[in-house]
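Residue numbers (this note's numbering): 1 to 295. By construction, the Cβ of each residue, glycine as well, lies at the ideal position given by its N, Cα and C atoms. This one's a predicted model, so the numbers in the text were calculated from it and none came from an experiment.
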Amino acid sequence: MVQSASFSADSDPKTANIDAAKLGLEPKQGSVLFSDIYGYRRLTQNLDSSEAASLLNEYFQSLLDAIYKYKQNLGEQIELACIRNALIAVFGSPKPLEDHAWTAVQTAREMCDRLTEYNKRRSSAGQPAIKIGIGINSDLILSGQLGSERPMDFAAIGDGVNLAYYLEGVSKQYDCEIVLSENTYNLCSDKIWARKLDLIRIRNNYPPVEIYEFIGGRDEAISEQKQKVLEHYNKGREHYLNRDFAIALGQFVTVLGIDSNDRPSTLHLKRCQQCLKEPPSDDWDGSVPIWKLEV
Numbered sequence: 001m002v003q004s005a006s007f008s009a010d011s012d013p014k015t016a017n018i019d020a021a022k023l024g025l026e027p028k029q030g031s032v033l034f035s036d037i038y039g040y041r042r043l044t045q046n047l048d049s050s051e052a053a054s055l056l057n058e059y060f061q062s063l064l065d066a067i068y069k070y071k072q073n074l075g076e077q078i079e080l081a082c083i084r085n086a087l088i089a090v091f092g093s094p095k096p097l098e099d100h101a102w103t104a105v106q107t108a109r110e111m112c113d114r115l116t117e118y119n120k121r122r123s124s125a126g127q128p129a130i131k132i133g134i135g136i137n138s139d140l141i142l143s144g145q146l147g148s149e150r151p152m153d154f155a156a157i158g159d160g161v162n163l164a165y166y167l168e169g170v171s172k173q174y175d176c177e178i179v180l181s182e183n184t185y186n187l188c189s190d191k192i193w194a195r196k197l198d199l200i201r202i203r204n205n206y207p208p209v210e211i212y213e214f215i216g217g218r219d220e221a222i223s224e225q226k227q228k229v230l231e232h233y234n235k236g237r238e239h240y241l242n243r244d245f246a247i248a249l250g251q252f253v254t255v256l257g258i259d260s261n262d263r264p265s266t267l268h269l270k271r272c273q274q275c276l277k278e279p280p281s282d283d284w285d286g287s288v289p290i291w292k293l294e295v
């Protein structure tokens, strides 16, 4: 049975441990996966309540099958819950899971594969495709069952949870299905192909965070076209961070000549143009606040 859940996207790190103690939550090393539907309101605006419920049921069933593929073997090493039209899974809770990051990434890949199959059925029925964003972060997670003698909802709080939540959100701006934190990437970098997307800032008083686009598993071949995209994008990022904005712009133009729909390159091209017009201050570190990302 899928549980409901509680989580905080604005928890104060100074009070997180106090709140956790009050709630009976325990700190654990794990990975948090957030998934949500792009444009859910637009997708359901012409549906009545029963049609919207039917859509969600079919959608959740497709994605939950991917999670249960791993949960049936790992059992209490994965917590799973639904929050409205979103899914949250915590890998490494309530019991520890050694490969929590890699298991979370594999699950996300499986979710996207199953969504592709579900969208084929929707297309055959004349229905629009569903797009999702997934954010994954690996960190110290405060999670468990709310309540004392009688457990209630599953809860997850803390900065590690917050970041996964925000990564799911920024996936829309970069038009990437799966966005990983640096922590998650580092834990399974030898098993995946990924692109270092950007350096983002969640809050003004927090250090910036490196984020990555999951491209595929090392068991999958990458097309020659994608390899060229990654090569020039990485060069563009390097020049961009070194303030060589004209050279960086040329690299992003090259990427868009290969793949005109590469959203991260479009975003960086615009930033290069802006930096050439108005050079950044001396303390510029290349990071961008998430509230300034284009939609």
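Taking the alpha-carbon positions, what's the residue i to residue j distance?
i: residue 92; j: residue 77; result: 5 Å
i: residue 102; j: residue 54; result: 32 Å
i: residue 217; j: residue 108; result: 11 Å
i: residue 168; j: residue 278; result: 31 Å
i: residue 151; j: residue 194; result: Residue placement at residue 151 cannot be trusted, given a pLDDT of 47 that sits under 50; what the coordinates show is reported in the next sentence. If you take the alpha carbons of residue 151 and residue 194, they lie about 39 Å apart.
i: residue 85; j: residue 48; result: 16 Å
i: residue 275; j: residue 94; result: 47 Å
i: residue 206; j: residue 289; result: 10 Å
i: residue 246; j: residue 272; result: 7 Å
i: residue 293; j: residue 67; result: 30 Å
i: residue 59; j: residue 201; result: 32 Å
Using DSSP's beta-bridge definition, name the partner residues of residue i.
i: residue 195; result: 213
i: residue 288; result: 200
i: residue 32; result: 90 and 137
i: residue 241; result: BP columns for residue 241 are empty, so no partner.
i: residue 142; result: 27 and 157
i: residue 37; result: 132
Mapping DSSP to helix, strand and coil, what is residue i?
i: residue 156; result: strand
i: residue 222; result: coil
i: residue 67; result: helix
i: residue 47; result: coil
i: residue 334; result: The question about residue 334 has no answer, for the chain in this structure spans 1 to 295.
i: residue 61; result: helix
i: residue 296; result: Lying before the first or after the last residue shown, residue 296 is absent from the chain, which here runs from 1 to 295.
i: residue 235; result: helix
i: residue 205; result: coil
Is the separation between the beta-carbon of residue i and that of residue j shorter than 9 Å?
i: residue 37; j: residue 132; result: yes
i: residue 188; j: residue 264; result: no
i: residue 136; j: residue 209; result: no
i: residue 87; j: residue 97; result: no
i: residue 158; j: residue 280; result: no
i: residue 190; j: residue 225; result: no
i: residue 287; j: residue 199; result: yes
Can you tell me where the beta strand (DSSP E) holding residue i begins and where it ends?
i: residue 189; result: Taken as a continuous stretch (DSSP letters only), residue 189 belongs to no beta strand (DSSP E), as it is neither H nor E.
i: residue 247; result: Residue 247 -> not in any beta strand (DSSP E); alpha helix (DSSP H) instead, spanning 245–258.
i: residue 181; result: 178–181
Return the first residue and the last residue of the alpha helix (DSSP H) that residue i is part of.
i: residue 117; result: 100–124
i: residue 270; result: 263–277
Taking 8 Å as the cut-off, is the beta-carbon of residue i closer than that to any non-hydrogen atom of the ligand MG?
i: residue 48; result: Because no ligand of any kind appears in the structure shown, any question about the ligand MG cannot be addressed here.
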